[in-house]
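One structure below.
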Amino acid sequence: MNTLTTSSHAEHVSHPRRWLAFAVLLVGAFLPPLDFFIVNVALPSIRTGLGADPAEIQLVISGYAAVYAVFLITGGRLGDLYGRKRVFLAGLAGFGLSSLLCGVAPTPAMLIAGRLLQGLSAAIMAPQGLASIQALFPERERARALSMYGATIGLAAIAAQALGGLLIAANVGDLQWRVIFLINLPLVALVFLGGIPLLPDTRSSHPARLDRVGMLLCALSLGLLVVPLVKGPEAGWPWWTCLMLFASPGFAAAFWRYERWLTERGGTPLVAPQLADAPGLVVGMTGVLFFYVVSAFFLTFSIYLQEAIGMNAFATGLMFVPCGLGFLIGPLTTPAAARRLGRWTPVLGMALEVVGCLILSAVVASTPAARAPALAGVVIALSLIGFGQGIAVPTLVRSVIDLAPAGGSGMLAGIVNSALQISAALGVAVIGSVFFSLAGSRHTPSSLAHAFSWAMVCVAASLTIAALLVARASRYRR
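Using the UniProt record's numbering, the letters of the sequence shown correspond one by one to residues 1 to 478.
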């Protein structure tokens with residue numbers, strides 16, 4: 001078997017079919033963000049087709065993001081331990097099976113279960129591509145491979161909304177919303193069969209052990225937080241939701257104590273506790289948790305467009321195009337912005353997003369119910385949101401990683417990516433609950449417009465807090 005390691009003496013090794021192998025691995029980078037965003041335009045159809053309530057609709061998104069976040073670091077370690085080819089193919093197969101489960105789900109509960117399994121499979125599959133770059137490519141080609149990896153993720157986020165709308169509007173085989181999941185099956189099968197001969201078996205020469213207890217405690221603390229935030233407002237906060245909410249900090253504290261204990265015993269924790277001692281890092285990570293709540297925008301805007309003003313799924317997907325183009329252009333301007341603004345660059349990106357959210361809120365609030373808002377105002381707002389996001393995401397990640405102590409940047413990079421997914425899950429849970437509460441049970445055009453307008457104000461407020469925290473933390477950059 002062709003086995004490569006990522007140890008320093010093997011860094012010069014390059015696989016002869018490395019670009020073909022990398023193309024296979026890029027699918028693992030493309031599918032997770034695609035399936036996170038593509039489902040947004042299908043939510044009204046899912047709600048009608050399955051009779052799902054608002055809490056179940058939110059869990060379709062936040063459940064996927066939460067599971068993906070918790071197991072992302074562990075997925076990387078599985079590849080180090082057992083070989084990235086084996087783990088990638090296992091994750092890919094799991095993603096295909098869970099997509100099938102989502103596509104044939106007869107009830108909201110089964111759809112949510114399928115989405116949880118999708119998130120788990122994505123967390124196993126996705127890290128293998130990034131980890132393989134070091135082993136597959138010589139140093140002169142790594143920057144190009146990394147750029148392609150980042151562009152693939154950005155392309156998935158951009159294409160997802162329009163692609164989802166197109167697939168639902170086409171109604172292939174009368175599958176309606178189910179096609180957005182079932183379309184994964186031929187792609188997964190093709191990549192799986194191609195990956196068997198093309199992928200080399202790369203692994204770390206010094207793999208870290210799995211932190212099973214830490215992973216379990218982290219999953220429990222996040223699950224006990226997300227589920228009551230989603231179900232509580234709709235159910236009138238029954239005792240079990242309050243109990244779960246109060247138990248979450250206890251499990252989070254237990255997780256942190258266990259990580260410290262494991263570190264003292266010489267083990268490798270899921271999250272290194274000593275990272276918290278780095279100046280400004282806790283503040284910066286808190287800013288990350290406030291930042292990606294913008295994911296709630298995709299949920300609420302899609303529902304507003306389809307249920308309040310009667311757009312079909314395809315037209316809804318097209319409405320996200322200005323946001324996607326802004327997200328594509330934003331990173332191209334980042335080097336010039338960084339030269340002029342330095343550590344203030346992510347703050348600029350978030351400020352543009354805040355302005356875009358407030359413009360969109362004002363445009364919708366000033367439009368008569370059931371009428372489409374002025375297209376020019378919507379395009380300007382969406383372009384600002386996408387452009388700001390494109391600037392903020394890479395520079396925010398870099399600014400937080402720069403706070404890491406010596407030797408801690410690798411682990412912190414994984415933690416930041418997980419924190420972004422946790423932020424997405426919490427954003428959908430909290431702001432989604434605000435939106436559905438204000439929309440009421442009847443979902444009239446007037447109540448939906450009112451709810452969406454306030455949801456955008458909440459997103460803008462959260463981004464403002466994130467910008468202030470990141471600006472404060474950036475003073476301590478190494």
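Glycine is no exception: its CB is placed at the ideal position from the N, C-alpha and C atoms.
Measure how close the beta-carbons of Phe320 and Ala162 come, nearest whole angstrom, since I'm counting them as under 8 Å. Within the sequence shown, the letter at position 320 stands for residue 320. Within the sequence shown, the letter at position 162 stands for residue 162. Ala162 and Phe320 do touch by the CB rule: their CB atoms are close to 7 Å apart, below 8 Å.
Is DSSP giving Asp201 helix, strand or coil here? Numbered from its first residue, the sequence shown carries residue 201 at position 201. If DSSP states are grouped into helix, strand and coil, Asp201 belongs with the strands.
Other residues of its chain near Ile158: CB distance less than 7 Å, five sequence neighbours each side excluded: Translated into the one-based positions of the sequence shown, residue 158 becomes position 158. Excluding sequence neighbours, Ile158 sits near Gly324, Phe327 and Leu328.
Of the listed residues Leu360, Ile196, Leu78 and Thr464, nearest to Ala392 (C-alpha basis): In the sequence shown, the residue the question calls residue 392 occupies position 392. Relative to the Cα of Ala392, the nearest Cα in the group Leu360, Ile196, Leu78 and Thr464 belongs to Thr464.
For Ser462, which residues of its own chain have a beta-carbon under 7 Å away from its beta-carbon, when the five flanking residues on both sides are left out? Taking the first residue of the sequence shown as 1, we reach residue 462 at position 462. Within the same chain, Ser462 has close Cβ partners Phe290 and Val293.
With distances taken from CA atoms, which of Leu225, Asn184, Pro269 and Ser302 is nearest Ala66? If you number the sequence shown from 1, residue 66 lands on position 66. Nearest to Ala66 by C-alpha distance, out of Leu225, Asn184, Pro269 and Ser302, is Leu225.
Alpha carbon of Gly214 to alpha carbon of Ala52, nearest angstrom: Here residue 214 refers to the residue found at position 214 when the sequence shown is read from its first residue. Here residue 52 refers to the residue found at position 52 when the sequence shown is read from its first residue. Per the coordinates, the alpha-carbon of Gly214 lies some 33 Å from the alpha-carbon of Ala52.
Return the chain-ordered ranges of every alpha helix (DSSP H) run that is complete within the stretch 313-397 and spans a minimum of 4 residues. If only complete runs of 4 or more residues are kept, the stretch 313-397 shows the alpha helix (DSSP H) at 313-319, 321-341 and 345-365, in order along the chain.
How would you call His450, buried or exposed, if buried means at least 16 neighbouring beta carbons within 10 angstroms? The residue labelled residue 450 in the question sits at position 450 within the sequence shown. Burial of His450 is indicated by the presence of at least 16 other C-beta atoms within 10 angstroms of its C-beta.
Can you list, in chain order, the residues of its chain whose CB lies under 6 Å from that of Ala69, leaving out five sequence neighbours each side? The residue given as residue 69 occupies position 69 in the sequence shown. Once the five neighbours on either side are set aside, the close Cβ partners of Ala69 are Ser418, Gln421 and Ile422.
Thinking C-beta only, is Thr263 closer than 8 Å to Arg209? Position 209 of the sequence shown, counted from the start, is the residue given in the question as residue 209. Position 263 of the sequence shown, counted from the start, is the residue given in the question as residue 263. Cβ distance not < 8 Å, so Arg209 and Thr263 don't count as in contact.
In or out: Val24 buried (at least 16 other Cβ within 10 Å) or exposed? Residue mapping note: residue 24 aligns to position 24 of the sequence shown, counting from 1. Here Val24 is buried, its C-beta having at least 16 other C-beta atoms within 10 Å.
Note down, in chain order, each residue of its chain lying with its Cβ closer than 7 Å to the Cβ of Pro54, except the 5 sequence neighbours on either side. Mapped onto the sequence shown, residue 54 falls at position 54. Within the same chain, Pro54 has close Cβ partners Glu234 and Phe436.
When you compare only the Cα positions, how much space is there between Ser453 and Gly91? Residue mapping note: residue 453 aligns to position 453 of the sequence shown, counting from 1. Residue mapping note: residue 91 aligns to position 91 of the sequence shown, counting from 1. Ser453 and Gly91: Cα-Cα distance of roughly 39 Å.
Could you tell me the distance, in whole angstroms, from the CA atom of Gly390 to the CA atom of Ala381? Within the sequence shown, the letter at position 390 stands for residue 390. Within the sequence shown, the letter at position 381 stands for residue 381. Between the alpha carbons of Gly390 and Ala381 lies a gap of roughly 14 Å.
Of all the options Ser474, Glu259, Ala151 and Pro445, which has the alpha carbon lying nearest to the alpha carbon of Val27? Sequence index remark: in the sequence shown, residue 27 carries index 27 (1-based). Taking only the C-alpha atoms, the option nearest Val27 is Ala151.
Can you tell me the Cα-Cα spacing of Leu101 and Gly114, whole angstroms? Along the sequence shown, one-based indexing puts residue 101 at 101. Along the sequence shown, one-based indexing puts residue 114 at 114. Answer to the nearest angstrom: the Cα atoms are 5 Å apart.
If I measure Cβ to Cβ from Ser121 and keep anything under 6 Å in the same chain, skipping five residues before and after, which residues do I get? Here residue 121 corresponds to residue number 121 of the sequence shown, with the count starting at 1. Same-chain partners within the cutoff: Gly91, Gly94, Phe95 and Ser98.
Just mark Gly250 as buried or exposed, buried being the case when its beta carbon has 16 or more other beta carbons within 10 Å. Counting from 1 along the sequence shown, the entry for residue 250 is found at position 250. Exposed: under 16 other Cβ atoms inside 10 Å.
When the Cα of Val179 is compared with those of Ile73, Val41, Ala337 and Ile112, which residue comes out closest? The residue labelled residue 179 in the question sits at position 179 within the sequence shown. Selected option, being the one with the closest Cα: Val41.
For Leu299 and Ala369, the rounded distance between their alpha carbons: Here residue 369 refers to the residue found at position 369 of the sequence shown. Here residue 299 refers to the residue found at position 299 of the sequence shown. Near 19 Å, if we compare the C-alpha coordinates of Leu299 and Ala369.
Please list, in chain order, all residues of the same chain as Leu20 whose beta carbon is under 7 Å from its beta carbon, the five residues on each side excluded. Your numbering for residue 20 matches position 20 in the sequence shown. Once the five neighbours on either side are set aside, the close Cβ partners of Leu20 are Leu198.
Can you give the beta carbon distance from Ala126 to Gly75, rounded, assuming they're within the 8 Å contact cut? What you label residue 126 is simply residue 126 of the sequence shown in a count that begins at 1. What you label residue 75 is simply residue 75 of the sequence shown in a count that begins at 1. Right, their Cβ atoms sit about 7 Å apart.
Quick one: measure Cβ to Cβ for Gly377 and Leu352, integer angstroms, because I've assumed they're closer than 8 Å. Start at 1 with the first residue of the sequence shown, and residue 377 comes out as number 377. Start at 1 with the first residue of the sequence shown, and residue 352 comes out as number 352. Between Gly377 and Leu352 a beta carbon distance of about 16 Å is seen, past the 8 Å cut, so the two are scored as non-contacting.
Rounded to the nearest angstrom, what separates Leu34 and Arg475 at their Cα positions? Residue 34 sits at position 34 when you count from the first residue of the sequence shown. Residue 475 sits at position 475 when you count from the first residue of the sequence shown. Leu34 and Arg475: Cα-Cα distance of roughly 35 Å.
Grab me the residues of residue 484's own chain with a C-beta within less than 7 Å of its C-beta, minus the 5 sequence neighbours each way, in chain order. No information on residue 484 is available, as it lies outside the stretch 1 to 478 that the chain covers here.
Just curious, the alpha helix (DSSP H) that Leu412 is in, first and last residue? Sequence index remark: in the sequence shown, residue 412 carries index 412 (1-based). Per DSSP, the unbroken alpha helix (DSSP H) holding Leu412 starts and ends at Ser409 to Ala439.
Euclidean distance between Cα positions of Gly310 and Leu72: On the sequence shown, position 310 is the one that residue 310 refers to. On the sequence shown, position 72 is the one that residue 72 refers to. For Gly310 and Leu72, the distance between alpha carbons rounds to 38 Å.
If you reduce the DSSP assignment to three classes, tell me which class Val67 lands in. Stepping through the sequence shown from its first residue, residue 67 is reached at position 67. Val67 falls in the helix class under three-state DSSP.
Cβ of Ile359 within 8 Å of any chain D Cβ: The chain labelled as chain D is not found in the depicted structure, where only one protein chain is given.
Once the 5 residues before and after Gln306 are set aside, which same chain residues still bring their CB inside 6 Å of it? Counting from one through the sequence shown, the residue named residue 306 turns up at place 306. Counting only Cβ-Cβ distances below 6 Å, and skipping sequence neighbours, we find Pro44 and Thr316.
Buried or exposed for Leu130, please, with buried defined as at least 16 other CB atoms from any protein chain shown within 10 angstroms of its CB. By one-based count along the sequence shown, residue 130 stands at place 130. Buried.
Quick check on Trp177: buried or exposed, where buried means 16 or more other Cβ atoms within 10 Å of its Cβ? If you number the sequence shown from 1, residue 177 lands on position 177. Using a 10 angstroms sphere on the CB of Trp177, the tally of other CB atoms reaches 16 or more, which defines it as buried.
Buried or exposed: where does Arg257 fall if 16 or more other Cβ atoms within 10 Å of its Cβ makes it buried? Within the sequence shown, numbered from 1, the residue matching residue 257 stands at position 257. When all chains shown are included, Arg257 counts as exposed.
According to the Cβ coordinates, are Leu448 and Ala272 closer than 8 Å? Translated into the one-based positions of the sequence shown, residue 448 becomes position 448. Translated into the one-based positions of the sequence shown, residue 272 becomes position 272. Judged by beta-carbon spacing, Ala272 lies beyond the 8 Å limit of Leu448, meaning their Cβ atoms are not closer than that value.
What would DSSP say about Phe137, mapped onto helix, strand or coil? Counted from its first residue, the sequence shown places residue 137 at position 137. Of the three classes helix, strand and coil, the one that applies to Phe137 here is coil, per DSSP.
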